[in-house]
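Student:
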DNA sequence: TTGAAAGCGTTACCAT
DNA sequence: ATGGTAACGCTTTCAA
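Here you go:
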């Protein structure tokens, strides 16, 4: 199987009777700048096109010390939320003639560390990361700005890294307020992974609204402990078994909601007649649920897009990311409450 | 901003008072093979670890003419189906110490062509592609096997390329049979993009079962023309407006189903009381729909995994992909019908 | 207006 | 048991 040889710049130059550097210049649009004869340029361009030449980007990457590639690390590519982030990042990257190298950390800190080092060894020009957990030491090195990195969705307050996330506290407040305004006082928040910033902020918002409305916080009001279907399911089952008389559930992401729904369903409890429910994130086809869910939705598309744009600003050195500077851009995008009637108005 | 210099093999060698090639050998585990002194190896390994050295993969890629990267081209990363494919491909790739370069062709043939050439210029060692449409000329070049490529989900019979897809005809047959066995004879199939192999095979299966059951095919029995929510919605609306008296719908993917559901809902028609429905693909949370849908589901995870494994076989030259050979592996994975009671039993 | 040559960080051939 | 040197394919400095 004779590995067919790719056309190289040198071959092209030989065919043209020119030096590689002349050809390189023309092909990179630096013909004017180097005052290469109009005629020569024509000849080169034409021939290159004819022979279908395109440069070896690996060689170029080595020489220029930049690969035109960015890395993206996500905890679960099969979750629509992250998939949408991936899509918008990919599109922005491609628009910039960059390639996107995607890794799925499978919610494992070890894998995250591993792929991160893999990507860095591959000399990516930038990194977008949705860090998996609560440990952040391995991200410290990114504070140096080489390569530039932007965090999405989750971040660490003690890390001087730019990020794009949702206004989680605000979203939780809106959701909780919605419940309270409908007369609910016995609300259980099914949380995600404790100590992640996302979870912390959402809980903050939740408690704040309780407090403002003089609802005494009790321990049973926070249950669960993971952003998974399983966690939502188990937590809800346990609540029901223990006979807590809550009237409403606030689930901190789509998966937890699905799990809770399953448990409620098994217990023959209906939403919103028996239990009211508000959840973070949307669910595909939620409009066709037997009771469509009221949601606090984020915009993963915008998160990804914004993060990618920030990253390219850093890569192209717009926006002054010098590490001494104070300007580490940190963004909280607004969330939106969509009322789909999964909250019952309680009698006063 | 002084770009901090990365540690190179040469620096390491200098520090050790050895030549780069010795260090390189040790680090690549070829110490034994080249009979490098046990002591030296120790020294090298230790020092490298101490200094946290890791090789520049771009340079290595150039030198070795292989980048340890594979490309993945998908029409829409935000569709769970493709996202799941992406995830499993990414995982297999990472297990093999490869990186995955993902591109979203946004269902545009032009973009597909563009990213394909981008990926090839980046010298990826292999390609997995879910081609967007009906044109395949730009894929012809991949028949040469350099770089090796595997198609997923969609493919072209006139192209000698390996692929992994679902048994679409079989799936459609199962679905249609299910409907017929429940007494339905006025069935409308809401198709996807005409002329794509996926669509063609599903229609084949559909018609075959009609024929076997002596149900005369009529034109209104195939409607729509795209794998999108919009297409499903519009087609269903039109059907209703025109007053065709169908009793069942077979939708050829999840998005079409969602669109059809929306139209039915607006017309205050219920599933399955007024209209029965079976759809290809699953939908997140379909179990909680007011009427859960009976589905013919594929396994995107398996498709991706299988394709990735096939690709690595080709890359590592297992499985003899020499282009003279007859063995272009083409696989149809089985589908599964999950009955969720969205088909009503009609009186005889 | 063009070219020679160095260099990016590796690996591999051929010496010693 | 180890090292010198070329080579991978490109860009860029300096020279002509």
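Protein chains in written order, with our numbering: chain A, 1 to 348; chain B, 1001 to 1348. For each residue, glycine too, the CB sits at the ideal point set by N, CA and C. Since this is a predicted model, take the numbers as computed values, not measurements.
#1: Report buried or exposed for residue 1349 (chain B), applying the criterion of at least 16 other Cβ atoms within 10 angstroms of its Cβ.
#2: When the Cα atoms are used, what is the spatial distance from residue 323 (chain A) to residue 148 (chain A)?
#3: Please state whether DSSP places residue 1126 (chain B) in a helix, a strand or coil.
#4: Starting from the C-beta of residue 97 (chain A), find all residues in its chain whose C-beta is less than 7 Å away, skip the five residues before and the five after it, and write them out in chain order.
#5: Just verifying my parser: in three-state terms, what is the DSSP assignment at residue 155 (chain A)?
#6: How about residue 206 (chain A) and residue 235 (chain A): do their beta carbons lie closer than 9 Å?
#7: Let me check understanding here. Comparing Cα to Cα, which of B:1057, B:1030, B:1062, B:1019 lies closest to residue 350 (chain A)?
#8: I'd like the ranges of any alpha helix (DSSP H) spanning at least 4 consecutive residues and lying wholly in the region 53-141 of chain A.
#9: So for residue 1276 (chain B), helix, strand or coil by DSSP?
#10: Are residue 1074 (chain B) and residue 1108 (chain B) closer than 9 Å when you measure CB to CB?
#11: For a test of the three-state rule: what should DSSP assign to residue 196 (chain A), helix, strand or coil?
#12: Enumerated in chain order, which unbroken segments of the beta strand (DSSP E) with a length of 3 residues or greater are wholly contained in the region 289-331 of chain A?
#13: Assign residue 252 (chain A) to one of three DSSP states: helix, strand, or coil.
#14: Cα-Cα, which of B:1270, B:1290, B:1126 is closest to residue 1316 (chain B)?
#15: Figure out for me which residue from A:332, A:233, A:342, A:183 has the closest Cα to the Cα of residue 162 (chain A).
#16: In chain B, which residues lie less than 8 Å from residue 283 (chain A) when you measure between Cβ atoms?
#17: Anything in the region 105-121 of chain A with a Cβ closer than 9 Å to a Cβ of chain B? List those residues in chain order, please.
#18: Let me make sure I understand the geometry here. Which of A:32, A:48, A:33, A:38 has the alpha-carbon closest to that of residue 20 (chain A)?
#19: In angstroms, rounded to a whole number, what distance separates the CA positions of residue 280 (chain A) and residue 193 (chain A)?
#20: Determine, using beta carbons only, whether residue 1103 (chain B) comes closer than 9 Å to chain A.
#21: Taking the alpha carbon of residue 152 (chain A) as the point to measure from, which residue in A:142, A:158, A:166, A:143 has its own alpha carbon closest?
#22: Tell me whether the region 1078-1089 of chain B and the region 1288-1306 of chain B touch, counting them as touching only if at least three CB pairs, one residue from each stretch, are closer than 8 Å.
#23: CA-CA distance, residue 1079 (chain B) and residue 1199 (chain B)?
#24: Residue 122 (chain A) and residue 1099 (chain B) look like a contact to me (Cβ under 8 Å); what is the Cβ gap, rounded to whole Å?
#25: How many angstroms separate the CA atom of residue 1103 (chain B) from the CA atom of residue 1116 (chain B)?
#26: Quick one: does residue 302 (chain A) have its CB under 9 Å from some CB of chain B?
#27: Along chain B, which residues have their Cβ under 7 Å away from the Cβ of residue 147 (chain A)?
#28: Is there at least one Cβ from chain A nearer than 9 Å to residue 1297 (chain B)'s Cβ?
#29: Can you list the residues of chain A that residue 1289 (chain B) reaches, using a CB-CB cut of under 9 Å?
#30: Work out the CA separation of residue 131 (chain A) and residue 157 (chain A) for me, nearest whole Å.
#31: Do the CB positions of residue 341 (chain A) and residue 290 (chain A) come within less than 9 Å of each other?
#32: Buried or exposed: residue 1034 (chain B), going by 16 or more other Cβ atoms within 10 Å of its Cβ?
#33: For residue 305 (chain A), collect the residues of the same chain with a Cβ closer than 7 Å to its Cβ; drop the 5 residues on either side in sequence, then sort them by chain order.
#34: Would you give the residue range spanned by the alpha helix (DSSP H) that residue 26 (chain A) belongs to?
#35: For residue 1244 (chain B), collect the residues of the same chain with a Cβ closer than 6 Å to its Cβ; drop the 5 residues on either side in sequence, then sort them by chain order.
#36: Since residue 1058 (chain B) meets chain A, which of its residues come closer than 8 Å, beta carbon to beta carbon?
Tutor: If we stick to the structure as given:
#1: Since the first residue shown for chain B is 1001 and the last is 1348, residue 1349 (chain B) is missing from the structure and cannot be characterised.
#2: Since pLDDT at residue 323 (chain A) reaches only 45, below the 50 mark, its modelled position is unreliable, and no value is offered.
#3: strand
#4: 68
#5: coil
#6: no
#7: Residue 350 (chain A) lies beyond the residue range present for chain A, which begins at 1 and ends at 348; the question has no answer from this structure.
#8: 57-64, 80-95, 109-121
#9: In the structure shown, residue 1276 (chain B) sits in a strand (DSSP, three-state: E or B).
#10: no
#11: coil
#12: 294-297
#13: coil
#14: Answer by Cα proximity: B:1126.
#15: A:332
#16: 1284, 1285
#17: 106, 111, 114, 115, 117, 118, 119, 120, 121
#18: A:48
#19: 14 Å
#20: yes
#21: A:166
#22: Judged by Cβ distances under 8 Å, the region 1078-1089 of chain B makes contact with the region 1288-1306 of chain B, as three or more pairs qualify.
#23: 18 Å
#24: 6 Å
#25: 9 Å
#26: no
#27: Within 7 Å Cβ-Cβ: nothing; residue 147 (chain A) doesn't reach chain B, min ~10 Å.
#28: no
#29: 285, 288, 289, 290
#30: 13 Å
#31: no
#32: exposed
#33: 88, 92
#34: 20-27
#35: The residues are 1220.
#36: The contacting residues are 58, 61, 62, 67, 122, 123.
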